[in-house]
DNA sequence: ATGACTCGACTATCGAGA
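Numbering (my numbering), first residue to last: -17 to 241.
Listed below in structure tokens is the structure:
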């Protein structure tokens, strides 16, 4: 089974590119972030035409997460939030969707942007990561052999080399954010993509020729539980998807898993 | 070329992204 994660930055603006990617790569499941629409606004037809079904979660024009998966695959146990997912202003935002495919539990995650080190959104971001890690630690305690992949836009650059110039950043690289990210490793999740593709960014700002100058960030990850980590055979970061007409500012991250 | 942001929204500037 091949799975992928991609912050598509509006699925309605990007439907042709996303479906072209699926058609080309034939990944079995794609977790999307920032679909920026409600389920009833999702461009289902374009996905159905190439043999994919979609489950989407979105409340408004912000955030929004979804899975596209091959129509032959069974989908089970869909959840539209993780346990104790924090609220922002009394709303559980559309930033997580979980579903099980072939006994592999996938989460498509859009971690809040902190905006600034002293911004209320930063506290929200850190709490989001803390509670996500706590929920997964609890899950692994109950079921140590669970095959889980936490994938999405984490909005954290764990290493200095994950940004083109450390001095340009305050958020994404701060110690509290990096500690919140490292918590996943501490409970047993691993970033196999890092081992297989050590030097690549996953995001380049639209502005200032960032992509041609390779001024990027590595902030999109697919973290695997111990039982799933041993089944990861290959990984790629689809840099080509940042080129051409109307790209997202993020590119897909792909994992190949043996059954 | 990988080229100087882009998206969706109370359709016209603006918040948000990172």
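Note that CB positions come from ideal geometry on N, CA and C, so glycine has one too.
Counting every other CB atom within 10 Å of its CB across the protein chains shown gives residue 60 a total below 16, marking it as exposed. The alpha-carbon separation between residue 202 and residue 185 amounts to approximately 8 Å. Where residue 52 is concerned, the enclosing beta strand (DSSP E) starts and stops at 47 to 52. Three or more beta-carbon pairs separated by less than 8 Å link the segment 127 to 147 to the segment 192 to 208, which places the two stretches in contact. Assigned with DSSP and collapsed to three states, residue 143 falls in helix. In the three-state scheme derived from DSSP, where H, G and I count as helix and E and B as strand, residue 188 is classed as coil.
For residue 238, the CB contacts under 6 Å within the same chain, skipping 5 residues up- and downstream, are -16, 215, 216 in chain order. Around the C-beta of residue 168, fewer than 16 other C-beta atoms lie within 10 Å, and the residue is accordingly described as exposed. Closest option to residue 172, judged by alpha-carbon separation, among 84, 115, 192: 115. DSSP places residue 124 in no beta strand (DSSP E) but in the uninterrupted alpha helix (DSSP H) bounded by 102 to 124. At a cut-off of 4 residues, the continuous stretches assigned as alpha helix (DSSP H) that sit fully inside the segment 151 to 217 are 157 to 168, 174 to 178, 208 to 211. Taking the Cβ atoms as the reference, residue 41 lies roughly 23 Å from residue 11, outside the contact range of under 8 Å. Sequence-distant partners of residue 113 (beyond 5 residues in either direction) whose C-beta falls short of 7 Å from its own C-beta, in its chain, are 66, 67, 68. Pairing residue 26 with residue 51 gives a Cβ-Cβ distance that is not under 8 Å. Here residue 118 is buried, its C-beta having at least 16 other C-beta atoms within 10 Å. The Cβ atoms of residue 70 and residue 80 lie no closer than 8 Å to each other. Relative to residue -5, the option among 4, 135, 17, 93 whose CA is nearest is 17. DSSP lists -16, 216 as the bridge partner or partners of residue 238. Distance from the CA of residue 85 to the CA of residue 24, rounded to the nearest whole angstrom, comes to 26 Å.
Per DSSP, the beta-bridge partners of residue 81 are 88.
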